[in-house]
Structure formats: structure tokens, C-alpha cells
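Chains as they are written, first to last, in the working numbering: chain L, 37 to 148; chain D, 341 to 454.
The beta-carbon is built from N, C-alpha and C at its ideal position, and this holds for glycine as well.
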Amino acid sequence: TQLLEQSPQFLSIQEGENLTVYCNSSSVFSSLQWYRQEPGEGPVLLVTVVTGGEVKKLKRLTFQFGDARKDSSLHITAAQPGDTGLYLCAGGNNNAGNMLTFGGGTRLMVKP
Amino acid sequence: KAGVTQTPRYLIKTRGQQVTLSCSPISGHRSVSWYQQTPGQGLQFLFEYFSETQRNKGNFPGRFSGRQFSNSRSEMNVSTLELGDSALYLCASSPLPGRNYGYTFGSGTRLTVV
Chain L
37 TQLLEQSPQF
47 LSIQEGENLT
57 VYCNSSSVFS
67 SLQWYRQEPG
77 EGPVLLVTVV
87 TGGEVKKLKR
97 LTFQFGDARK
107 DSSLHITAAQ
117 PGDTGLYLCA
127 GGNNNAGNML
137 TFGGGTRLMV
147 KP
Chain D
341 KAGVTQTPRY
351 LIKTRGQQVT
361 LSCSPISGHR
371 SVSWYQQTPG
381 QGLQFLFEYF
391 SETQRNKGNF
401 PGRFSGRQFS
411 NSRSEMNVST
421 LELGDSALYL
431 CASSPLPGRN
441 YGYTFGSGTR
451 LTVV
């Protein structure tokens, strides 16, 4: 069974601060996706990374896939209150169709 | 274009009853997956359908079942409901299975079993 562990579970910061969320596994994944979920809604896909060492940027968000494709990180620069939400990483494998293994999530609160 | 539509949004059922949840994927998306989200277990994979065939199934008891229709719409059914089945049930669609396209999720159906 593949597992993904996210840390930290909770994060409360002030507007303007930087933060990093980690997603770690002992298993190799073909791809790693990051989602953000707001209360009462389904998760929204932020990015998919598929190559070991890959770095993708989405405005103030930077996503990195580990060289061995076992871990990933999400870095947010100058966080804003609109970044508040539940961040989820999810790993997929090419031989498992669209089935994803989700991490437990990081609940981020950015205070103005 | 319309997103993934799940109905109903909220549902309250009694232990022992059964329930059917519905999902309409994004137009043109042919792969539909279902997940259960609870505070304790997070998001857990239930099943994936493509071309009316179940391609993968998660580690859930046989009380959980699903199907997909020729227009790609999907339903999932839970029989003999238990209190522990209370959860947010999320449907997600993608163009095709595999290739890690990434999901588009619906807003979910919040099921409460009393």
C-alpha cells in the first residue's frame, strides 16, 4: 500500500510570510498532483508534476517533484488571505489508471 | 463549460437504508472516479469507471458499488448504511484513464447517516 505523508498538518501564518508544505512517501510515484480545497467544495487541481526534479511555478506558488519521485514540496511566497485552504498532494501511477493516493492534507490559514 | 455536477448536495439517511449518488462529468470526459472524504481518513479512492467498465476499485466493502452509463454519467450506491459511512463523497472526471491528466472534482455529496 502506497502512503503519502504531508507536513505540517496545520499552519497559521501572517499575510506576507513564506511557507513550505512537504509531501513524502517511501514509494515511487509516476506523477504527483497538488490540489487546494475550500470548505464545502471539491479539491481544485493546482499542478501535476511527472519528471523527477521537475519544478513548476504558478504565480507565487512553486512546486517541486523530488529526484527519486518519492516526495514533493509546495512553497508559497508572500502568502495572502486568499491562499487559505486545505492543500492536498496526491500520487498516481501509470499502471493504476486514474487512481490517486492522497496525503492527509495541510490546513493553511493566512491572517491579514 | 459546465463542471462536474453531483446530486444531491446533502443527504440524511438512517442506518440500514441504502443511498444512490449521481455524478455528471464534464462534457467529453469519459473517466469518472469516486472518493470518500472523512476527517479521520482523508480522501480514499472508491472506484474508477471508463467506458461503462470498472477499471479500479479501492479497499471498501461490497456494500459500496457503482456503475457508469453510456453517456459517461455515473452513480454510486451504498447499501445497508452504517454510521461510519457519513462522509463527503466526491466524484472526479478526467478525459481518459491513465496519463495523469488530473481530476476535475465536483462539489460533493455530504451524506449523514443517523
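- Taking 9 angstroms as the CB threshold, residue 408 of chain D stays off the interface with chain L.
- The residue among D/451, D/413 and D/429 with its C-alpha nearest the C-alpha of residue 367 of chain D is D/413.
- A direct Cα-Cα distance of roughly 13 angstroms separates residue 103 of chain L from residue 62 of chain L.
- As DSSP reads the structure, residue 145 of chain L sits in a beta bridge with L/48.
- Per the Cβ contact rule, the region 367-378 of chain D is in contact with the region 406-425 of chain D (3 or more Cβ pairs under 8 angstroms).
- At least one CB of chain L lies nearer than 9 angstroms to the CB of residue 382 of chain D.
- In terms of beta-carbon proximity, residue 365 of chain D stays away from the interface with chain L, with every pair separated by 9 angstroms or more.
- By the neighbour-count criterion, in which 16 or more other beta carbons inside 10 Å mark a residue as buried, residue 99 of chain L falls on the buried side.
- CA-to-CA, the gap between residue 89 of chain L and residue 111 of chain L works out to about 15 angstroms.
- By the Cβ-count criterion, residue 114 of chain L is exposed, with fewer than 16 other Cβ atoms from all chains shown falling within 10 Å of its own Cβ.
- Residue contact check for residue 388 of chain D against chain L: a CB pair falls below 9 angstroms.
- Taking 9 angstroms as the cut-off, the beta carbon of residue 418 of chain D is found no closer than this to the beta carbon of residue 381 of chain D.
- Residue 345 of chain D has a beta carbon lying at 9 angstroms or more from every beta carbon in chain L.
- In this structure, residue 57 of chain L lies near residue 109 of chain L, with their beta-carbon atoms less than 9 angstroms apart.
- Contact note: residue 371 of chain D reaches chain L through 134, using a C-beta cutoff of 7 angstroms and chain order.
- In the structure shown, residue 119 of chain L falls within a helical segment according to DSSP collapsed to helix, strand and coil.
- Contact between residue 383 of chain D and residue 97 of chain L is ruled out by a C-beta separation of about 20 angstroms, above the 8 angstroms threshold.
- Per DSSP, residue 404 of chain D is one residue of the beta strand (DSSP E) stretching across 404-408.
- Around the CB of residue 385 of chain D, 16 or more other CB atoms lie within 10 Å, so the residue is classed as buried.
- DSSP places residue 424 of chain D within a helical segment (H, G or I) once states are collapsed to three.
- The Cβ-Cβ distance between residue 392 of chain D and residue 135 of chain L does not fall below 9 angstroms.
- The C-alpha of residue 454 of chain D lies about 6 angstroms from the C-alpha of residue 423 of chain D.
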